[in-house]
Amino acid sequence: MNESKINKRFIAGAVCPRCSEMDKLMMYLDAQQQQVRECVRCGYQDVMTDNGPRKIETEEITTRVNQPRVGEPTLAHEDEIQIVSIVDPNPGARRRDH
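Here the sequence shown stands for residues 1 to 98, numbered as in full-length UniProt numbering.
Written as structure tokens, this is what we have:
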């Protein structure tokens with residue numbers, strides 16, 4: 001069997017665009033000889049091109065933040081946003097520029 005080994009190297013100081021972890025990105029050449037960056041923490045992948053990185057489509061990681069909580073009340077930051085206008089009932093009464 002003649003299998004070629006993929007040589008993966010970590011990128012020192014690099015920060016993952018998805019999980020923001022430092023020193024978790026590695027770079028390697030894939031079968032098409034494209035430079036691929038991959039995060040060992042969250043699985044993010046992109047291909048380095050002349051125009052910058054191109055994300056490789058992968059499924060979003062399931063977390064407690066992006067999943068609904070069945071039977072639990074919504075949190076304060078999840079409530080519907082309502083715009084409130086504050087109206088002065090006596091406009092001009094406190095003005096001191098007259």
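From the three backbone atoms N, C-alpha and C, an ideal C-beta is built for every residue, glycine too.
Q: Identify whether K5 lies in helix, strand or coil by the three-state DSSP scheme.
A: Within the sequence shown, numbered from 1, the residue matching residue 5 stands at position 5. Coil.
Q) Below 8 Å between beta carbons: does that hold for Y28 and V36? A) Against the sequence shown, residue 28 aligns to sequence position 28. Against the sequence shown, residue 36 aligns to sequence position 36. Yes, they are a contact pair.
Q: Let me know if E72 comes out buried or exposed under the rule of 16 or more other beta-carbons within 10 Å of its beta-carbon.
A: Within the sequence shown, residue 72 is the residue found at index 72, counting from 1. Residue burial annotation: E72 is exposed, with fewer than 16 other C-beta atoms found within 10 angstroms of its C-beta.
Q) Among K8, T63, R69, V87, which residue has its Cα nearest to the Cα of A31? A) The residue labelled residue 31 in the question sits at position 31 within the sequence shown. Nearest Cα to A31 within the set K8, T63, R69, V87: K8.
Q: Could you spell out the range, first to last residue, of the beta strand (DSSP E) harbouring M22?
A: Numbered from 1 along the sequence shown, position 22 holds the residue referred to as residue 22. Neither: M22 is in no beta strand (DSSP E) and is coded neither H nor E.
(Q) Short of 7 Å in beta carbon distance, which residues of its chain neighbour N2, apart from the five on each side in sequence? Order them along the chain. (A) On the sequence shown, residue 2 is found 2 positions in, with the first residue counted as 1. Note that N2 scores 46 on pLDDT, short of 50, meaning its location in the model is unreliable; the coordinates nonetheless yield the value given after this. Counting only Cβ-Cβ distances below 7 Å, and skipping sequence neighbours, we find nothing.
**Q.** Nearest residue (CA-CA) to R41, options E21, I56, P91, T63
**A.** As a first step, residue 41 must be located in the sequence shown, where it is residue number 41. When each option's Cα is compared against that of R41, the closest is E21.
Q. Considering only C-alpha positions, which residue in the set F10, Q34, A14, D46 is nearest to M26?
A. Residue mapping note: residue 26 aligns to position 26 of the sequence shown, counting from 1. For M26, the nearest C-alpha among the options comes from F10.
Q) Helix, strand or coil: how does DSSP classify T49 here? A) Walking along the sequence shown from the start, residue 49 turns up at place 49. DSSP places T49 within a strand segment (E or B) once states are collapsed to three.
(Q) Let me make sure I understand the geometry here. Which of M48, V15, T62, D50 has the alpha-carbon closest to that of C39? (A) Counting from 1 along the sequence shown, the entry for residue 39 is found at position 39. Checking every option, the nearest Cα to that of C39 belongs to V15.
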